[in-house]
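Beneath this line is the structure, given in structure tokens, with notes to follow.
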Amino acid sequence: MERERFSRLLLPVMCLVVMLVAVLQTLVVPIIGTIGDQLGVGTTAVSWLITANLLAAATSTPVLARVADLYGKRRVLLGILLVVLVGSLLAALASSLPLLVAARVLQGFSYGLFPIGIAVLRDELAPGKLTGAMGLLSGTMGFGGCFGIVLAGVLVSDGSDFHRVFWLSAAVTLCALAGAALVIPSRPPTGSGTIDWIGVVGLSTGLVLVLLALAEGVRWGWGSPATIGCAAGGILVLIGWYLWERRAEHPVVAPRLVAARAVLPTHLAAVLIGMAMFAMFLGASFFVQAPRAAAGYGFGATVLEAALVYLLPGAVFGVLASAVSGRLVGRFTARRVLTAASAVGVAGFVLFALAHDHTWQVILAIVLVNTFVSLAFACLPSLIVAEVPPQDTGVANSINSIGRSVGSSISSALLATLLAAITVTGTDVPSETAFVVAFAFGAVTTALAGLLVALGNRPARGRQGVIPVWSSSTGASAPSKGPSEAPGRSADPVDDHAHARPPRGATAESRASSPALTCGRSAEN
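Here this note's numbering = 1-based position in the sequence shown + 101.
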């Protein structure tokens, strides 16, 4: 009875864990200048608080997902939370930039919590409840990023000590750690084999070089030898890593989970959604704080006003979108919901680009884009889970998470370059045109994400509504009628078996009786 009571708390606790991930991602964005002032360092140096966090996240996420498969999801998830707690406490006590950067590196390990959390839900929840749970968990990532910006604005609005945001993150991490320890059951590891350390080093090195070029391109110069060298070197290393992983017996990330026809459009859409999200987060924050007298636009909002007046309504609608995302996905499929949400996001960006003279216009634009982001984050894991066997859930979603992180990094770098390049004559204040271009860029990336999901991997004629049922004993799949991903399902799900066909000689009865995951409402419904 006690275990049953704890099981009801699984989803709320996992939402708290994922909320922590999203908040830690954006918590320092609105107070980066305040941190620099209080530590006595310049903007370039203090920007490493964001860069180091992103690099740690990109390099650790797929490795942690693989480790969770090998050694148990509960054990690894609790270990990550403990590392994040140490990082938050270190940040709360840090009095120098190097210590704070080290703390942000430890906090970067939190990104691994999301794909592991999705894998935990897949292990513990019945198929009929899984889609709604994944939608709520994933949507939490969408509005959580905006909530982190709002939270930082409230806590450090008057130039207060920046350490208070990290004390709060430490308290939330401690609550998440205690809750996860209570409600997540211990299960045997689902993976086998060893860790491919050559693959780990190759993936980490390639991602670090590419992301370093993106993060430092503005300061180094986009045409500088350092930027070009890092970017080219990183791409070459990643190509070598991909070739190595194709031959490795136990790859850290199976190439089929990266480039297979069934999942590649979803990964690319994640990159574009990450770009759109940061185009709005950063663009809106800068825009509303711009002094109208000097810039000819903006509202001269303080950090607190920007958080409470302009960003908070978007966060609230993000919560609401997350709450209903599971029902929407169960009724209309993740593919259709994400496509429709993209249209909402495009409308928000276009509104901001063309009409931004009044407060209500800006708030409405932010609400529309935040609704899109929350729904998109809710749909992506459903699209991934529907295409991969259970043992690959964590790693496949970690790749998708990296895609969002890379997209956010690209968007952040491009936005910084754009706002610095197009300024009001005789000043260093970004011009109104710069923001129009930035929001037009967000509209384009949002539209492309919707098109990728809508048109990518469309099932072959005659296979509409056929989705794979993964067998826990063989990993093979059998076709099953189900509503969740029917209209948008690929006829080529990712599996170790060629084209995920049922075992030779399997009968309809044996296929129907295999343990199933339909990624939506159960077939009986």
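Glycine included, every Cβ here is placed at the ideal spot set by N, Cα and C.
Notebook entry, point to check: Using the rule of at least 16 other Cβ atoms within 10 Å of the residue's Cβ for burial, across every protein chain shown, is residue 259 buried or exposed?
Noted result: exposed
Notebook entry, point to check: residue 478 and residue 239 look like a contact to me (Cβ under 8 Å); what is the Cβ gap, rounded to whole Å?
Noted result: 4 Å
Next item on the list: Answer yes or no: do residue 426 and residue 236 have a C-beta to C-beta separation smaller than 8 Å?
Entry: yes
Next item on the list: Measure the C-alpha to C-alpha separation of residue 575 and residue 410 and round it to an integer number of angstroms.
Entry: Caution is warranted here: a pLDDT of 35 is assigned to residue 575, below 50, making its placement in the model unreliable, and the coordinate value is therefore given only provisionally. Distance between the alpha carbons of residue 575 and residue 410: 54 Å.
Checklist line | First through last residue of the alpha helix (DSSP H) which encompasses residue 446 | finding: 435-455
Note to self: Can you check which of these residues, 366, 537 and 156, is closest to residue 398 by C-alpha distance?
What the structure shows: 537
Notebook entry, point to check: Among 319, 187, 542 and 508, which one has its Cα closest to the Cα of residue 521?
Noted result: 319
Notebook entry, point to check: Which word fits residue 469, buried or exposed, when buried means at least 16 other C-beta atoms lie within 10 angstroms of its C-beta?
Noted result: buried
Notebook entry, point to check: Cα separation between residue 416 and residue 248?
Noted result: 6 Å
Margin query: What would DSSP say about residue 326, mapped onto helix, strand or coil?
Written below: helix
Checklist line | Contacting residues, own chain, Cβ-Cβ under 6 Å from residue 467 (five flanking each side not counted) | finding: 385 and 415
Notebook entry, point to check: Which residue spans inside the segment 119-181 form an unbroken alpha helix (DSSP H) run of at least 4?
Noted result: 133-140, 144-147 and 149-172
Checklist line | Beta-carbon proximity list for residue 124, same chain, < 8 Å, skipping 5 on both sides | finding: 245, 246, 248, 249, 252, 270 and 273
Check: Does the pairing of the segment 286-295 with the segment 199-215 give three or more beta-carbon distances under 8 Å?
Finding: no
Notebook entry, point to check: For residue 535 versus residue 519, is the C-beta distance shorter than 8 Å?
Noted result: yes
Notebook entry, point to check: Looking only at its own chain, which residues have a Cβ that is under 7 Å from the Cβ of residue 513, when we skip the five neighbours before and after it?
Noted result: 379 and 383
Notebook entry, point to check: By a C-beta neighbour count over all protein chains shown, 10 Å radius and 16 as the cutoff for buried, is residue 622 buried or exposed?
Noted result: A caution first: residue 622 carries a pLDDT of 36, below 50, which makes its placement in the model unreliable, though a value can still be read off. It counts as buried.
Check: For the 8 Å Cβ check, are there 3 or more pairs between the segment 145-163 and the segment 274-286?
Finding: no
Check: Any idea which residues DSSP pairs residue 531 with across the strands?
Finding: 524
Notebook entry, point to check: Are the CB atoms of residue 554 and residue 439 nearer to each other than 8 Å?
Noted result: yes
Notebook entry, point to check: Taking the continuous alpha helix (DSSP H) assigned at residue 557, which residues delimit it?
Noted result: Taken as a continuous stretch (DSSP letters only), residue 557 belongs to no alpha helix (DSSP H), as it is neither H nor E.
Note to self: In whole angstroms, give me the CA-to-CA distance for residue 617 and residue 234.
What the structure shows: In this predicted model, residue 617 has a pLDDT of only 35, less than 50, meaning its place in the structure is not dependable; the value taken from the coordinates is given anyway. When rounded, the distance between both Cα atoms is 17 Å.
Next item on the list: List the whole-angstrom C-beta distance separating residue 181 from residue 165, where the pair is believed to meet the contact cut-off of C-beta under 8 Å.
Entry: 6 Å
Next item on the list: Compare the C-alpha of residue 341 against each of 328, 356, 142 and 428 and name the closest.
Entry: 356
Item checked: Run of the alpha helix (DSSP H) containing residue 265, from where it starts to where it stops -> 264-284
Check: Would you call residue 393 buried or exposed, if buried means 16 or more other Cβ atoms sit within 10 Å of its Cβ?
Finding: exposed
Next item on the list: Using beta-carbon positions only, say whether residue 546 and residue 373 come within less than 8 Å of one another.
Entry: yes
Checklist line | Where residue 143 falls, given that 16 or more other Cβ within 10 Å makes a residue buried | finding: exposed
Checklist line | Other residues of its chain near residue 539: CB distance less than 7 Å, five sequence neighbours each side excluded | finding: 380, 384, 516 and 519
Next item on the list: Specify the secondary structure class of residue 110 as computed by DSSP and reduced to three states.
Entry: coil
Margin query: Please state the DSSP three-state secondary structure of residue 400.
Written below: coil
Check: For residue 544 versus residue 450, is the C-beta spacing smaller than 8 Å?
Finding: yes
Next item on the list: Going by CA-CA distance only, name the one from 216, 305, 511 and 297 that's closest to residue 151.
Entry: 511
Note to self: Determine whether the beta carbon atoms of residue 389 and residue 402 lie at a separation below 8 Å.
What the structure shows: yes
Next item on the list: Assign residue 317 to one of three DSSP states: helix, strand, or coil.
Entry: helix
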